[in-house]
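There are 2 protein chains.
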Amino acid sequence: MNRIKEIPLFSKLSDKNVKRLEAISYFKKYNTDEILFYEGEKPGILHVLIDGVLKLYKTNAKGQEIYIHQFVPPALVGELANFENMKFPATAKFVIKGEVLKIDFTKLEKDFFKNPEICMEIIKSLTKKVKILSNVIHQEMILTSEAKIAKFIVEHPNLFKTVKNIQIAAILNVSPETLSRTLTKLKKEKYITIDKEYNVTILNKVAITALYK
Amino acid sequence: MNRIKEIPLFSKLSDKNVKRLEAISYFKKYNTDEILFYEGEKPGILHVLIDGVLKLYKTNAKGQEIYIHQFVPPALVGELANFENMKFPATAKFVIKGEVLKIDFTKLEKDFFKNPEICMEIIKSLTKKVKILSNVIHQEMILTSEAKIAKFIVEHPNLFKTVKNIQIAAILNVSPETLSRTLTKLKKEKYITIDKEYNVTILNKVAITALYK
DNA sequence: CGTGAAATTGACTAAGTTCAATGGCGGTGG
DNA sequence: CCACCGCCATTGAACTTAGTCAATTTCACG
Numbered sequence: 063m064n065r066i067k068e069i070p071l072f073s074k075l076s077d078k079n080v081k082r083l084e085a086i087s088y089f090k091k092y093n094t095d096e097i098l099f100y101e102g103e104k105p106g107i108l109h110v111l112i113d114g115v116l117k118l119y120k121t122n123a124k125g126q127e128i129y130i131h132q133f134v135p136p137a138l139v140g141e142l143a144n145f146e147n148m149k150f151p152a153t154a155k156f157v158i159k160g161e162v163l164k165i166d167f168t169k170l171e172k173d174f175f176k177n178p179e180i181c182m183e184i185i186k187s188l189t190k191k192v193k194i195l196s197n198v199i200h201q202e203m204i205l206t207s208e209a210k211i212a213k214f215i216v217e218h219p220n221l222f223k224t225v226k227n228i229q230i231a232a233i234l235n236v237s238p239e240t241l242s243r244t245l246t247k248l249k250k251e252k253y254i255t256i257d258k259e260y261n262v263t264i265l266n267k268v269a270i271t272a273l274y275k
Numbered sequence: 063m064n065r066i067k068e069i070p071l072f073s074k075l076s077d078k079n080v081k082r083l084e085a086i087s088y089f090k091k092y093n094t095d096e097i098l099f100y101e102g103e104k105p106g107i108l109h110v111l112i113d114g115v116l117k118l119y120k121t122n123a124k125g126q127e128i129y130i131h132q133f134v135p136p137a138l139v140g141e142l143a144n145f146e147n148m149k150f151p152a153t154a155k156f157v158i159k160g161e162v163l164k165i166d167f168t169k170l171e172k173d174f175f176k177n178p179e180i181c182m183e184i185i186k187s188l189t190k191k192v193k194i195l196s197n198v199i200h201q202e203m204i205l206t207s208e209a210k211i212a213k214f215i216v217e218h219p220n221l222f223k224t225v226k227n228i229q230i231a232a233i234l235n236v237s238p239e240t241l242s243r244t245l246t247k248l249k250k251e252k253y254i255t256i257d258k259e260y261n262v263t264i265l266n267k268v269a270i271t272a273l274y275k
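Chains as they are written, first to last, in my numbering: chain A, 63 to 275; chain B, 63 to 275.
Have a look at this one:
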């Protein structure tokens, strides 16, 4: 069984190339809360997330975690730092234990990327990332707290059932107090209702959508 | 003279492919303050900046321009929206009049991107973009106004001579008042001096760097 | 010089965070 | 079975950061 071939990014690789890749890579498992890499670290290894959930965040001057994104497999992680020979711009921590394929980037010859199939996969990954970052910028620089929360409610109404408000607040980079206050405000204005089981029902979709569109 | 061949992105194209590209593209000049595209618009055209300076910004609920980046040639602009078939996430306006090559993206066959040289150029462009957005996020979500200004002083001390403070404030997404106040504060603390000709001299590099590192 | 834009300064406002107190609720152990 | 404990949610009040508004000064340039 060859696990590398199962990774979409490398599924179209020739056997010869798979061998080359195997020689310079290895799999490693991580437990929840383990750090894959820290912001500011120099890479040298290209990471491919195979299993688990990986949270990407930055740390501000007060030491608080600023949420950026969560990766689910399969995902190329931190490739920018490798390609550009720069430090990791954020920290990656496992929220749910998982596994990564670690590739020695320095040994990865450039002609590897000449393979059109690989190129396309990298383009896809980078495109995804530009999109993610673009959304982060929109969410954090353009939307107010209320708008962020309204958007989250419309896009993930079900998450309130499974995820504690304190964690939703963290994902939205908003204090739990602000989330609480905003939810009560939206309830008062009859835009939503929330029952005992944290089922969120949107009563006035037009109005709530208008808050962020 | 073939202008397409002069564009780095396409310099390695075969004559045949250049012909194909010519058939589905054209050059267009823009004056200062003209808009190349608006945030929210659907693309359909792939833009390559050939000449001039293009400012990318988003607009918040109050109608204010939130500065993202300025492009100088050569640059692929707004390709994300094309690749992902989504709306432009920001507005692009010419700050200095210029010219773009406009390519009909719908007619651009996918096999065009199979060309490894083109692929590499696209990867380069996307990488650059991830880096830009990553910096924007750092600047706007992690740094305080003071830190942003300190960083700008260290990285571009000479710009104060040529660019008005009001424009620097716009680039930093800070009000002119905040910039003014912060500069006087830094002068009071003897971190910098600014003479009549707007020459900024850093007196205490360690201290000023510590404000954002 | 005079004029208009830019810079400065002070007072106020807005948005959201922080801090602290309180209340609810579920799980646990006697 | 119930009392207790700890976590989470809620609420009010103070605080912080930066933006806004307005008045004044400075400055470049015709």
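Heads up, the beta-carbon is just placed ideally off N, CA and C, and yes, glycines get one too.
Query: Kindly identify the DSSP beta-bridge partner or partners of residue 257/B.; Result: Bridge partners of residue 257/B: none, in fact.
Query: Run through DSSP, which three-state label would residue 116/B get?; Result: strand
Query: State the DSSP-derived secondary structure class of residue 200/B, mapped to helix, strand or coil.; Result: helix
Query: When the cut-off is 8 angstroms and only beta carbons count, does residue 192/A lie next to chain B?; Result: yes
Query: Near residue 95/A, what residues of its chain come up, given a Cβ to Cβ distance below 7 angstroms and the 5 sequence neighbours on each side ignored?; Result: 155, 156
Query: Report buried or exposed for residue 265/A, applying the criterion of at least 16 other Cβ atoms within 10 angstroms of its Cβ.; Result: exposed
Query: Relative to chain B, which residues along the segment 139-167 of chain A have a C-beta separation below 9 angstroms, given in chain order?; Result: 141, 142, 145, 146, 148, 151, 152
Query: Going by CA-CA distance only, name the one from 214/A, 241/A, 148/A that's closest to residue 104/A.; Result: 148/A
Query: To be precise: take each residue of the segment 86-113 of chain A, compare its Cβ to all Cβ atoms of chain B, and keep it if any distance is under 8 angstroms. Which residues remain?; Result: none
Query: Give me the subset of the segment 202-219 of chain A whose CB atoms are less than 9 angstroms from a CB atom of chain B, sorted by chain position.; Result: 202, 203, 204, 205, 206, 209
Query: Please report the straight-line C-alpha distance between residue 84/A and residue 254/A, rounded to a whole angstrom.; Result: 53 angstroms
Query: So, under 8 angstroms CB-CB, residue 80/B and residue 67/B are touching, yes? Tell me the CB distance rounded to an integer number of Å.; Result: 6 angstroms
Query: Using the Cβ count rule (16 or more neighbours within 10 Å means buried), how would you classify residue 140/B?; Result: buried
Query: Find the residues of chain A that neighbour residue 120/B, judging by a C-beta separation of less than 9 angstroms, and give them in chain order.; Result: 199, 200, 203, 204
Query: Got a sec: which bits of the segment 229-253 of chain B sit with their beta carbon under 9 angstroms from any beta carbon on chain A, in order along the chain?; Result: 235
Query: Let me know if residue 228/B comes out buried or exposed under the rule of 16 or more other beta-carbons within 10 Å of its beta-carbon.; Result: exposed
Query: Could you pull the DSSP bridge partners for residue 87/A from this structure?; Result: 165/A
Query: Please determine, among 179/A, 87/A, 119/A, the residue with the shortest C-alpha to C-alpha distance to residue 109/A.; Result: 87/A
Query: For residue 100/B, collect the residues of the same chain with a Cβ closer than 6 angstroms to its Cβ; drop the 5 residues on either side in sequence, then sort them by chain order.; Result: 153
Query: Mind checking which residues open and close the beta strand (DSSP E) that includes residue 215/A?; Result: No beta strand (DSSP E) contains residue 215/A, which is instead part of the alpha helix (DSSP H) from 207-217.
Query: What residue from 132/A, 111/A, 107/A, 124/A has the CA that sits closest to residue 117/A's CA?; Result: 132/A
Query: Please report whether the beta-carbon of residue 196/A lies at a distance below 8 angstroms from any beta-carbon of chain B.; Result: yes
Query: Among 193/A, 251/A, 72/A, 151/A, which has the Cα closest to the Cα of residue 204/B?; Result: 151/A
Query: Smallest Cα separation from residue 249/A: which of 237/A, 238/A, 263/A?; Result: 263/A
Query: Inspect the CB distances between the segment 191-207 of chain B and the segment 190-203 of chain A and report whether three or more fall short of 8 angstroms.; Result: yes
Query: Return the residue from the list 77/A, 128/A, 127/A, 162/A that minimises the CA-CA distance to residue 115/A.; Result: 162/A
Query: From the beta carbon of residue 70/B, is the nearest beta carbon of chain A less than 8 angstroms away?; Result: no
Query: Give the interface partners of residue 189/B over in chain A, defined as CB-CB distance under 7 angstroms, in chain order.; Result: 142, 145, 146, 188
Query: So what does DSSP say about residue 137/A, is it helix, strand or coil?; Result: strand
Query: List the endpoints of the continuous alpha helix (DSSP H) containing residue 241/A.; Result: 238-250
Query: Considering only C-alpha positions, which residue in the set 198/A, 92/A, 64/A is nearest to residue 233/A?; Result: 198/A
Query: Which chain A residues sit within Cβ distance under 7 angstroms of residue 176/B?; Result: 178
Query: For chain B, check one thing: does any of its Cβ atoms lie closer than 8 angstroms to the Cβ of residue 184/A?; Result: yes
Query: Pull up the DSSP beta-bridge partners for residue 160/B, would you.; Result: 92/B
Query: Does any C-beta atom of chain A lie closer than 8 angstroms to the C-beta of residue 128/B?; Result: yes
Query: Which word fits residue 196/B, buried or exposed, when buried means at least 16 other C-beta atoms lie within 10 angstroms of its C-beta?; Result: buried
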